[in-house]
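See below for the structure under consideration.
In my numbering, the protein residues as written are 63 to 312.
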């Protein structure tokens, strides 16, 4: 154990971190207390399009990530993929500043599909991580088929979020008068989400309400047809975390 030279007291062990280049992700927040890492979100700017703008953002986030790592000096770095350049930043940090740091790639499904699966020094570099985490058995097979080493890859499904219990908290006003049971689909209208299947299922429900959260502007970009949404479906967009937790409790 290392000690502070001035006080002769044990130095606190640096906390492991989970890095993501996004504004928020529930998965790692739900795992944080169980695994013992701190979540660090470095969001990309919204609305900037074009390859030059995106490359500029990646360069900026790359440098911010290195700064965060040098300041925090974690023992283990978890990082969310995609985006692939985040993995490059973690590897550069290990190469230049801390050869002993452990790297854990938390791979979302998109990592194993084009375009991300085609990015040079993407899939191939996963073999240099200490651990590669995928979200389900189907993605495990996809990862192995792309050459990710089986000895370093495992399935870690999403941990169900456990919101803090607060007594006598009523449901959010948006849902207070909606018929039960409530069916909650926390999503983002990404291309791999079963939006059309959920809407079809909602049409044959004889009772209840389906709540689909997520960024509605993603729907058109990912070719989800929202032109004929059943009346028992609510799409409120992304909810503030506290409001979402209350909904989840109910």
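For every residue, glycine included, the Cβ atom is placed at its ideal position computed from N, Cα and C.
Please determine, among 255, 262 and 297, the residue with the shortest C-alpha to C-alpha distance to residue 275.
-> 297
Leaving out five residues before and five after residue 144 in sequence, what residues of the same chain have Cβ atoms less than 6 Å from its Cβ?
-> 172, 173 and 178
Evaluate residue 166 with the Cβ neighbour count: other Cβ atoms within 10 Å of its Cβ, from every protein chain shown; 16 or more gives buried, anything less gives exposed.
-> So residue 166 ends up on the buried side.
Which stretch, first to last residue, makes up the alpha helix (DSSP H) that contains residue 130?
-> 113 to 134
Along the alpha helix (DSSP H) that carries residue 274, what are the first and last residues, could you check?
-> Note, residue 274: premise wrong, no alpha helix (DSSP H); beta strand (DSSP E) at 271 to 275.
With a cut-off of 8 Å, do at least 3 Cβ pairs link the stretch 229 to 239 to the stretch 188 to 207?
-> no
Have a look at 88, 195 and 97 and flag the residue whose alpha-carbon is nearest the alpha-carbon of residue 212.
-> 195
Residue range of the alpha helix (DSSP H) that residue 305 falls in?
-> 303 to 311
Where the alpha helix (DSSP H) through residue 15 begins and ends | Because the chain in this structure spans residues 63 to 312, residue 15 falls outside the shown range and cannot be described.
Pick helix, strand or coil for residue 164, following the three-state DSSP scheme.
-> strand
Heavy atom of the ligand FMN within 7 Å of residue 146 beta-carbon = Among the ligands in the structure shown, none appear at all, so the ligand FMN cannot be discussed.
Determine contact between the stretch 241 to 248 and the stretch 266 to 275, defined as no fewer than three beta-carbon pairs at a distance below 8 Å.
-> These segments touch.
Within the same chain, show all residues whose beta-carbon is closer than 8 Å to that of residue 301, passing over the 5 residues directly before and after it, in chain order.
-> 234, 275 and 309
Compute the Euclidean distance between the alpha carbons of residue 220 and residue 130, then round it to the nearest angstrom.
-> In this structure, the straight-line span from the alpha carbon of residue 220 to that of residue 130 is close to 26 Å.
Buried or exposed: which applies to residue 82, given that a residue is buried once 16 or more other Cβ atoms fall within 10 Å of its Cβ?
-> buried
For residue 259, three-class secondary structure by DSSP | helix
Name the residue from 252, 306 and 304 whose alpha carbon lies nearest to the alpha carbon of residue 284.
-> 252
If you run the structure through DSSP and keep just helix, strand and coil, what is residue 69?
-> In this prediction, residue 69 scores a pLDDT of 45, lower than 50, which makes its location untrustworthy; no coordinate-derived value is stated.
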